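A short worksheet on the structure shown next.
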Amino acid sequence: MAVLLLAEVNNGELAMDATAKAVTAAKALGDVTVLAAGASAAAAGDAAAKIDGVAKVLVAEDASLGHRLAESTATLIVSLAGDYEHIVAPATTDAKNVMPRVAALLDAMVISDVSGVVDGSTFERPIYAGNAIQTVKSSDAKKVVTFRTSTFDAAGEGGAAPVESVPAAADPGLSSWVEDKVAASDRPELTSAGIVVSGGRGVGSEEDFKLIESLADKLGAAVGASRAAVDSGYAPNDWQVGQTGKVVAPDLYVAVGISGAIQHLAGMKDSKIIVAINKDEEAPIFQVADYGLVADLFTAVPELIEKL
Amino acid sequence: MKVLVPVKRVIDYNVKVRVKADGSGVDLANVKMSMNPFDEIAVEEAIRLKEAGKAEEVVAVSIGVKQAQETLRTALAMGADRAILVVAADDVHTDIEPLAVAKILAKVVEEEQPGLVLAGKQAIDNDMNATGQMLSALLGWSQATFASDVDIEGDSAKVTREVDGGLQTISVKMPTIVTVDLRLNEPRYASLPNIMKAKKKPLDEKTAADYGVDVTPRLEIVKTDEPEARQAGEIVPDVDTLVAKLKEKGVV
Ligand SMILES: Cc1cc2nc3c(=O)[nH]c(=O)nc-3n(C[C@H](O)[C@H](O)[C@H](O)COP(=O)(O)OP(=O)(O)OC[C@H]3O[C@@H](n4cnc5c(N)ncnc54)[C@H](O)[C@@H]3O)c2cc1C
Ligand SMILES: Nc1ncnc2c1ncn2[C@@H]1O[C@H](COP(=O)(O)O)[C@@H](O)[C@H]1O
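The following block contains the structure:
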């Protein structure tokens, strides 16, 4: 059976980690054709062709596909859907924007944030902020699926799949891009980093959040945050980890001044080692931490930076 | 302009979720239920549009069991003008899938002709994050998901979206569907007088059959499991011990 996988393409560049993880999940379903779409997507398509297990790459380049606007991207995918039983993507915000739209146009129920593939129509996915794992079996002719990347290993590189170009579908002209506010950073990307250091409301201010960033830099880590820290303006929205933010599963997750609400745990409890620093020994975060340190973060974190 | 706000009745976000012993789902009998938190934000935004003179009427709609009436009364108490309940299930454990919800909402939109639909980004029970996008597809409308800022200017809206890379601003043609994220606003609490007033506001009751929509699920629930529990770890006495442990594990 054939699978069409929407590659994660940002400004013409392939997001290798997210795409390669989705390829791993998709390979279990059949031959994987990757679709690279964007205002410029050729380079992304070439990069995707190297992912092990990719049988073919389709490149769709058109101004209307820039910035991954949902309406034009969904129209393109639907125009290609005929040949495929599965239409899949990594569960990024871009894909969460586009894939339910694709599913509805195909009269299928989208299966979001899949964490396990049982067979071609049966999938596992977390519900209730990860408090339950549901196994669902789809009766739809076409299955539209997004994969939670934190639970799949990235496919390797070394392939050389053929690359073909495909035309964009007619632009419905319903929306247009205005601007992006993206902070450039030399730090590793949050969802693929080996180490993540996150700060919560306990950090207290945007100024003091620099302490969290210093610890992250010392460890070569990405920086994360709780919702409370983002809401309070200590950290940007794209650092939020949790049920409604990013889901991460690094080798080491350090939670500083975070209480451990279920909505936060939903985004990090699959990390290999969890460290919690919190001055409240009753904080629920300690129930999931491998190593807990009951301490004031303003003394513990500087000491940690010094001793690492 | 009329604003339609779909609100879902879900388990309260503070409740500890329990998986039923027979694996059929999560126990919802005698559990505190509330309006999906994202939908409170959507209702708040709609009311603010009305207060700003950009909307004339706010209509809340909920699809599910009869008890979703309570959720609609909450929306009315916050300030929605009227409500529509679409009964589509008898058992509180039956979740109507986003595709079916979107199909019903599409019919409601046909009838009500709103200029804007403000939905939540995600229901915190099924965590599907799909209904708004699906409704938009069915109507052939524009969509703006995960909104943290909405600015309506005549026949278009400028919406800032929370995306993986940061923030993206797009301009969408009206009518449109916006799904709201956490930081769009802080929803108000309903005051006691407004809760009393809400009891007298109109609440229409319909059924899925009235709209001719088949709500049979496309996803059969094979089973529901508890997630693997993490093993409890240890409390370390000081930073030195923490550093030693992490070195021992080879993670730093
Ligand atoms: C619909 C919905 C979705 C949500 N989604 C998310 C999500 O995706 N991600 C998320 O994180 N949350 C989410 N939340 C919010 C969640 O419920 C919690 O409110 C939030 O995670 C709390 O953040 P926090 O732990 O930083 O703050 P708090 O709970 O206030 O905890 C602060 C902690 O810091 C400690 N502390 C204070 N000062 C110090 C100090 N000097 N030294 C050491 N420790 C200190 C305190 O002991 C406390 O434990 C969501 C909520 C809802 C309703
Ligand atoms: N049964 C329902 N009744 C009313 N609105 C709903 C229902 N299901 C979903 N919605 C709306 O769609 C949003 C996203 O839900 P979901 O796609 O299930 O994650 C919710 O925040 C609601 O605004």
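Chains A and B, in that order, are what the protein sequence lines are. Numbered per the working numbering, the first sequence spans residues 2 to 309. Numbered per the working numbering, the second sequence spans residues 2 to 253. Here a beta-carbon is modelled for each residue, glycine too, at the ideal position from N, C-alpha and C. Model, not experiment: these values are computed from the prediction.
Beta-carbon contacts of residue i that lie in its chain and below 6 Å, excluding the five residues immediately before and after
i                   : result
lysine 138/A        : Ser122, Thr123
serine 227/A        : Gly201, Ile259, His265
tyrosine 212/B      : Ile105, Lys108
phenylalanine 287/A : Ala277, Gly293
histidine 87/A      : Val4, Leu30, Lys144
Residue i CB to nearest heavy atom of ligand 1 below 8 Å
i                   : result
glutamine 68/B      : no
lysine 144/A        : no
valine 257/A        : yes
aspartate 181/A     : no
phenylalanine 299/A : yes
asparagine 279/A    : yes
glutamine 288/A     : no
valine 242/A        : yes
threonine 245/A     : yes
8 Å contact criterion, which residue i and residue j should meet: CB distance rounded
i                : j               : result
glutamine 123/B  : threonine 245/A : 6 Å
valine 197/A     : leucine 191/A   : 7 Å
methionine 175/B : serine 157/B    : 6 Å
lysine 67/B      : valine 59/B     : Contact doesn't hold; Cβ gap of about 22 Å is too wide.
threonine 147/A  : lysine 97/A     : 6 Å
leucine 70/A     : serine 176/A    : 5 Å
glycine 54/A     : glycine 160/A   : 7 Å
Chain B contact for residue i (CB, 9 Å cutoff)
i                   : result
glutamate 304/A     : yes
valine 111/A        : yes
phenylalanine 287/A : yes
leucine 70/A        : yes
arginine 202/A      : no
glutamate 158/A     : no
methionine 100/A    : yes
valine 183/A        : yes
threonine 94/A      : yes
lysine 22/A         : no
isoleucine 274/A    : yes
leucine 294/A       : yes
serine 41/A         : no
lysine 247/A        : yes
Three-state class that DSSP yields for residue i in the structure shown
i                   : result
threonine 192/A     : coil
glutamate 14/A      : strand
valine 244/B        : helix
isoleucine 259/A    : coil
histidine 94/B      : coil
aspartate 47/A      : helix
methionine 129/B    : coil
arginine 256/B      : No answer is possible for residue 256/B: it lies beyond the span of chain B, which begins at 2 and ends at 253.
threonine 93/A      : coil
phenylalanine 153/A : coil
valine 6/B          : strand
valine 302/A        : helix
leucine 183/B       : coil
glycine 205/A       : coil
arginine 282/B      : Within the shown structure, residues of chain B are numbered from 2 to 253, placing residue 282/B beyond reach of any answer.
Cutoff 9 Å: residue i Cβ touching any chain A Cβ
i               : result
isoleucine 64/B : no
lysine 159/B    : yes
tyrosine 212/B  : no
arginine 189/B  : no
lysine 246/B    : yes
Closer than 8 Å: residue i CB and nearest ligand 2 heavy atom
i                : result
glycine 133/B    : yes
lysine 108/B     : no
isoleucine 64/B  : yes
glutamine 135/A  : no
threonine 180/B  : yes
methionine 34/B  : no
alanine 267/A    : no
isoleucine 97/B  : yes
glutamine 123/B  : yes
methionine 147/B : Strictly speaking, residue 147/B in this sequence is phenylalanine, with methionine absent from that position. Not so, every heavy atom of ligand 2 lies at least 8 Å from the Cβ.
Contacts around residue i, its chain only, beta-carbon distance under 7 Å, and the 5 residues preceding and following it disregarded
i               : result
serine 65/A     : Ser73, Ala169, Asp172
serine 193/A    : Asp18
histidine 68/A  : Trp178
alanine 296/A   : Ile278, Lys280
alanine 229/A   : Gly201, Arg202
isoleucine 97/B : Ile64, Gly65, Ala89, Ala90, Val216
Cutoff 8 Å; reference residue i; Cβ partners in own chain excluding five residues on either side
i               : result
proline 163/A   : Ala50, Lys57, Val58
glutamine 169/B : Thr161, Arg162
valine 276/A    : Leu253, Tyr254, Val255, Ala256, Ala290, Asp291, Tyr292, Gly293, Leu294
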